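J.: Residue numbers (this note's numbering): 136 to 392.
Yeah, the Cβ is synthetic: ideal placement off N, Cα and C, and Gly gets one too.
Keep in mind the model is a prediction, meaning the values are calculated, not measured.
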Ligand code: DGL
């Protein structure tokens with residue numbers, strides 16, 4: 136991920152798969168990804184995938200919707216058969232297919248994710264009558280990166296969640312991995328009770344299923360966690376410890392030095 140967002144998914148994976156080793160890369164030097172060009176995100180993603188491969192990862196999960204939208208195909212092609220490559224979009228599309236046929240679903244994400252129209256294209260292909268209204272909540276990921284789950288975010292949410300594109304929806308997809316960090320605020324500030332779809336557990340379940348299918352699941356031994364960041368930020372250190380406890384070590388790994 137570009138920063139702390141992927142920690143929501145990493146945490147769900149560690150909870151579901153406690154015997155797996157995790158190597159996390161937060162590209163804090165280049166956030167927010169949502170405001171970057173597709174070409175820039177592709178360059179970062181390939182470079183990070185290369186590092187993860189060097190660390191002997193058997194599965195690489197792009198734990199960021201913006202990077203999944205911009206760079207999944209390219210990373211998959213780059214990695215080839217050397218590791219499994221997954222994104223955070225396909226598992227959510229399958230979830231919507233199973234549970235929201237004929238429903239109206241709202242989606243919030245970064246400018247990159249929403250402008251790519253990737254969710255809509257994938258969902259329309261399924262032809263199940265799921266109607267998707269997406270809205271780019273451009274400043275949210277940066278605000279979460281800076282403030283975490285803080286009340287200062289409420290004023291942004293007041294404006295964003297009142298947008299007409301998000302009216303009359305049955306559920307709201309959090310299509311940015313930063314957003315589950317403020318899930319309680321989103322649920323409280325949306326004008327009526329609706330289902331909030333947090334991709335973290337959905338994606339973790341998909342990772343488990345994929346590892347099982349490929350006979351790659353680790354059922355024994357202890358689990359190691361490594362956290363790399365391209366630039367040291369207090370926010371990353373604070374949030375990583377919030378999710379994973381005090382003992383975690385952060386290693387700075389600039390992508391282009
Ligand atoms: N967490 C990321 C996502 O899922 C990106 C946030 C950002 O860096 O803009 O889209």
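Does DSSP put residue 141 in a helix, a strand or coil?
T.: Three-state result, residue 141: helix.
J.: How would you label residue 358, buried or exposed, when you count the other beta carbons within 10 angstroms and need 16 or more for buried?
T.: That one is exposed.
J.: I'd like the list of long-range same chain contacts for residue 352, defined as Cβ closer than 6 Å, with 5 residues on each side in sequence excluded.
T.: Cβ within range, chain order: 346.
J.: As a quick exercise: from 196, 136, 189 and 140, pick the residue whose alpha carbon is nearest that of residue 341.
T.: Here the closest residue by C-alpha is 196.
J.: Can you tell which of 363, 373 and 375 has its C-alpha closest to the C-alpha of residue 162?
T.: Looking at the Cα atoms, 363 is the closest of the given residues.
J.: Enumerate in chain order the residues of its own chain whose CB-to-CB distance from residue 273 is below 6 Å, with the five nearest sequence positions on each side excluded.
T.: Same-chain partners within the cutoff: 246.
J.: Just to confirm, are residue 182 and residue 158 a CB contact at a threshold of 9 Å?
T.: In this structure, residue 158 does not lie closer than 9 Å to residue 182 by Cβ.
J.: Is the stretch 278-288 in contact with the stretch 307-324, if contact means three or more CB pairs nearer than 8 Å?
T.: With the cut-off at 8 Å, the stretch 278-288 and the stretch 307-324 touch.
J.: Less than 9 Å between the beta carbons of residue 203 and residue 223, yes or no?
T.: Yes, the Cβ-Cβ distance between residue 203 and residue 223 is below 9 Å.
J.: Based on Cα-Cα distance, which residue from 375, 392 and 391 lies nearest to residue 384?
T.: Answer by Cα proximity: 375.
J.: Would the C-beta of residue 146 count as close to the ligand DGL, meaning under 8 Å from any of its heavy atoms?
T.: It does not: the Cβ of residue 146 is nowhere closer than 8 Å to a heavy atom of the ligand DGL.
J.: Can the beta-carbon of residue 365 be found closer than 9 Å to that of residue 387?
T.: Taking 9 Å as the Cβ cut-off, residue 365 and residue 387 qualify as a contacting pair.
J.: Sorry if obvious, but does the Cβ on residue 192 come closer than 8 Å to a heavy atom of the ligand DGL?
T.: No; taking the cut-off as 8 Å, the Cβ of residue 192 has no heavy atom of the ligand DGL nearer than that.
J.: Would residue 236 be called buried (16 or more neighbouring beta carbons within 10 Å of its own) or exposed?
T.: So residue 236 ends up on the exposed side.
J.: Secondary structure at residue 382, three-state DSSP: helix, strand or coil?
T.: If DSSP states are grouped into helix, strand and coil, residue 382 belongs with coil.
J.: Runs of 4 residues minimum, wholly inside the stretch 177-263: which ones carry the alpha helix (DSSP H) assignment?
T.: DSSP runs (the alpha helix (DSSP H)) wholly in the stretch 177-263: 200-214, 225-234, 246-251 and 253-261.
J.: Mind pulling the alpha helix (DSSP H) runs of 4 or more residues that sit fully within the stretch 310-340?
T.: Taking only runs of at least 4 residues, the alpha helix (DSSP H) segments lying wholly in the stretch 310-340 are 318-324.
J.: Residue 248: beta carbon under 8 Å from a heavy atom of the ligand DGL?
T.: Yes.
J.: So for residue 367, helix, strand or coil by DSSP?
T.: Correct three-state label for residue 367: coil.
J.: Measuring CA to CA, which of 209, 265 and 213 is closest to residue 228?
T.: The shortest Cα separation from residue 228 among 209, 265 and 213 belongs to 265.
J.: Does residue 262 get closer than 9 Å to chain B when you measure Cβ to Cβ?
T.: Absent from the structure: chain B. Only one protein chain is present.
J.: Between residue 173 and residue 155, what straight-line distance do the alpha-carbon atoms span, to the nearest angstrom?
T.: Those two C-alpha atoms are separated by around 31 Å.
J.: With hydrogens ignored, establish whether the beta-carbon of residue 166 is closer than 8 Å to any heavy atom of the ligand ADP.
T.: As for the ligand ADP, it is missing from this structure, which binds only the ligand DGL.
J.: Starting from the C-beta of residue 176, find all residues in its chain whose C-beta is less than 6 Å away, skip the five residues before and the five after it, and write them out in chain order.
T.: So the qualifying residues of the chain are 168, 202, 205 and 206.
J.: Excluding sequence positions up to five away, which residues of its chain have a Cβ less than 8 Å from the Cβ of residue 354?
T.: Excluding sequence neighbours, residue 354 sits near 154.
J.: Which residue from 329, 239 and 244 puts its Cα closest to that of residue 258?
T.: Measuring from the Cα of residue 258, the nearest candidate turns out to be 239.
J.: From 170, 212, 330 and 199, pick the residue whose C-alpha is nearest to that of residue 139; which is it?
T.: It is 199.
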